[in-house]
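Undergrad: Mind having a look at this structure? Questions to follow.
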Amino acid sequence: MTTSADQAKIPLAVYCLILGYNQCTLKLLLVKRRMVTHKNRWCVMNGFVQTDESIDQACSRMFKELTGLETVYLEQLHVFGGNYRDPSKPTISIVYFALADINKYKEQINIDYQAEWFPLKKLPKLIPCQQEMVAMTKERIRYKAARQPLLFELLPTRFTIPQVHDLYENIYNVPIDTHNFSKKLRATGLLIKLDEEDKTSKKDIHYYQLHTRNYYMQFQQSLNFMSSPDQLV
């Protein structure tokens, strides 16, 4: 029989799936596992909630410790029960995902964690529960990105329309008509055109930056970049 004293001893763990994007590749930041069970295997960043912090604060703390970043898109994904973190005892595990600009990522911060970016399509073999977390994160992002402009959190401060197009194709893993996508994107009012052009391109491709005010307003509306996100792989 489980007593109230036993229930109070169940630890509260937080997982943070940190996603970044560069070189036309969506990536996940993994660390080397320190626990005896599955020691030195690649795993999602995780830790316990301290007594003087909320769950959100715990996730933000771990994210900053690993990346050196503070202001990012952070969303709670799911709550798992059972022996997800430690096979020897039950743990309540709360999962978040974060979208980070890799260009701002401070590599020297993660030395103690042995952190490394891996392409989301070519991840090392993770513990089964963490594979489930990754799958749920991809599904959530695909669903929300069709309606809200959260993918801009993965882009640098200045970007080109082809970069945005490639990011959406990478997320949904389907070809997207370039002309229609560009037309929809320009119509959102999210972009501010800059005078600077991409010198690495043979075409006249301008850089843009995000219209911050319109960006936050668009979270209350529907972008409809993708018509049927539920049916996409």
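If you read the sequence shown in numbering that gives the first Met the number 0, its first letter stands for residue 0, the second for the next number, and so on. Idealized CB from N, CA, C, for every residue including glycine. As the structure is a computational prediction, the values presented were derived from the model and not from experiment.
Can you tell me where the beta strand (DSSP E) with Gln162 in it begins and where it stops?
TA: The sequence position of residue 162 within the sequence shown is 163, counting from 1. No beta strand (DSSP E) holds Gln162; the alpha helix (DSSP H) holding it covers 160-171.
Undergrad: I need the DSSP call for Asn39, collapsed to helix, strand or coil.
TA: The count along the sequence shown starts at 1 and reaches residue 39 at position 40. It is coil, neither helix nor strand.
Undergrad: Pull up the distance between the alpha-carbon of Leu190 and that of Pro10, whole angstroms please.
TA: By 1-based counting over the sequence shown, the position of residue 190 is 191. By 1-based counting over the sequence shown, the position of residue 10 is 11. Using only the alpha carbons, I get a separation of about 45 Å.
Undergrad: Below 6 Å CB to CB, which residues in the same chain sit around Ile101 once its five sequence neighbours on both sides are set aside?
TA: Within the sequence shown, the letter at position 102 stands for residue 101. Result list for Ile101: Gly19, Asn21, in chain order.
Undergrad: Suppose you measure from the CA of Lys8 to the CA of Lys121; what does that come to, to the nearest Å?
TA: The residue you call residue 8 lines up with position 9 of the sequence shown. The residue you call residue 121 lines up with position 122 of the sequence shown. Roughly 37 Å between the two C-alpha positions.
Undergrad: Nearest to Thr90 by CA position, among Gln130, Val13, Pro161, Thr66, is which residue?
TA: Along the sequence shown, one-based indexing puts residue 90 at 91. Taking only the C-alpha atoms, the option nearest Thr90 is Val13.
Undergrad: What are the partner residues of Ser92, as DSSP defines its beta bridges?
TA: In the sequence shown, residue 92 corresponds to position 93, counting from 1. Bridge partners of Ser92: Ala12, Phe79.
Undergrad: Residues in its own chain within less than 6 Å of Arg40 by CB, not counting five upstream and five downstream?
TA: Your numbering for residue 40 matches position 41 in the sequence shown. Once the five neighbours on either side are set aside, the close Cβ partners of Arg40 are Arg32.
Undergrad: Ile191: beta carbon under 7 Å from a heavy atom of the ligand HEM?
TA: Looking for the ligand HEM in the displayed structure turns up nothing, as the structure carries no ligands at all.
Undergrad: Determine the extent of the alpha helix (DSSP H) in which Tyr104 is found, giving its start and end residues.
TA: Taking the first residue of the sequence shown as 1, we reach residue 104 at position 105. Tyr104 -> no alpha helix (DSSP H), and no H or E assigned at all.
Undergrad: Could you please give me the residues that DSSP links to Glu74 through a beta bridge?
TA: Position 75 of the sequence shown, counting from 1, holds the residue named residue 74. Answer by DSSP bridge pairing, in chain order: Phe96.
Undergrad: According to DSSP, which residues form a beta bridge with Ile17?
TA: Here residue 17 is taken as the residue at index 18 of the sequence shown, counted from 1. When DSSP reads this structure, Ile17 sits in a beta bridge with Leu28, Ala97.
Undergrad: Under 7 Å Cβ to Cβ from Leu149, same chain only, skipping five residues before and after it: list those, please.
TA: Taking the sequence shown and counting its residues from 1, one reaches residue 149 at position 150. Taken in chain order, the residues that qualify are Tyr72, Leu98, Lys143.
Undergrad: Beta-carbon within less than 6 Å of Pro228's beta-carbon, same chain only, minus the 5 sequence neighbours each way: which residues are those?
TA: Start at 1 with the first residue of the sequence shown, and residue 228 comes out as number 229. Low local confidence applies: a pLDDT of 44 at Pro228 is under 50, so the model's placement there is unreliable, with the coordinate-based value given in what follows. Excluding positions up to five away in sequence, the list reads Arg141, Tyr142, Ala145.
Undergrad: Rounded to the nearest angstrom, what separates Thr177 and Phe117 at their Cα positions?
TA: Taking the sequence shown and counting its residues from 1, one reaches residue 177 at position 178. Taking the sequence shown and counting its residues from 1, one reaches residue 117 at position 118. Approximately 27 Å between the Cα atoms of the pair.
Undergrad: In whole angstroms, give me the CA-to-CA distance for Met61 and Pro155.
TA: If you number the sequence shown from 1, residue 61 lands on position 62. If you number the sequence shown from 1, residue 155 lands on position 156. If you take the alpha carbons of Met61 and Pro155, they lie about 22 Å apart.
Undergrad: What's the gap between the Cα of Thr187 and the Cα of Asp194?
TA: Looking up residue 187 in the sequence shown gives position 188. Looking up residue 194 in the sequence shown gives position 195. Roughly 20 Å separates the two Cα atoms.
Undergrad: Terminal residues of the continuous beta strand (DSSP E) containing Ile54?
TA: Numbered from 1 along the sequence shown, position 55 holds the residue referred to as residue 54. Not the beta strand (DSSP E): Ile54 falls in the alpha helix (DSSP H), residues 54-66.
Undergrad: What residue range is occupied by the uninterrupted alpha helix (DSSP H) comprising Leu184?
TA: As a first step, residue 184 must be located in the sequence shown, where it is residue number 185. First-last of the alpha helix (DSSP H) with Leu184: 177-186.
Undergrad: Where does Val173 land, buried or exposed, given buried means 16+ other C-beta within 10 angstroms?
TA: Reading the sequence shown from its first residue, position 174 is the one you call residue 173. Counting Cβ neighbours within 10 Å, Val173 comes out exposed, since fewer than 16 surround it.
Undergrad: What does the Cβ neighbour count give for Lys124, buried or exposed, with the cut at 16 atoms within 10 Å?
TA: Translated into positions along the sequence shown, residue 124 becomes position 125. Exposed, by the Cβ-count rule.
Undergrad: Count the other CB atoms, across all protein chains shown, that sit within 10 Å of the CB of Tyr215; report buried if there are 16 or more and exposed otherwise.
TA: In the sequence shown, counting from the first residue as 1, residue 215 sits at position 216. Label assigned to Tyr215: exposed.
Undergrad: May I have the straight-line CA-CA distance separating Leu231 from Cys128, to the nearest angstrom?
TA: Numbered from its first residue, the sequence shown carries residue 231 at position 232. Numbered from its first residue, the sequence shown carries residue 128 at position 129. Since pLDDT at Leu231 reaches only 40, below the 50 mark, its modelled position is unreliable, and the value read off the structure follows with that caveat. Computed Cα separation, rounded: 23 Å.
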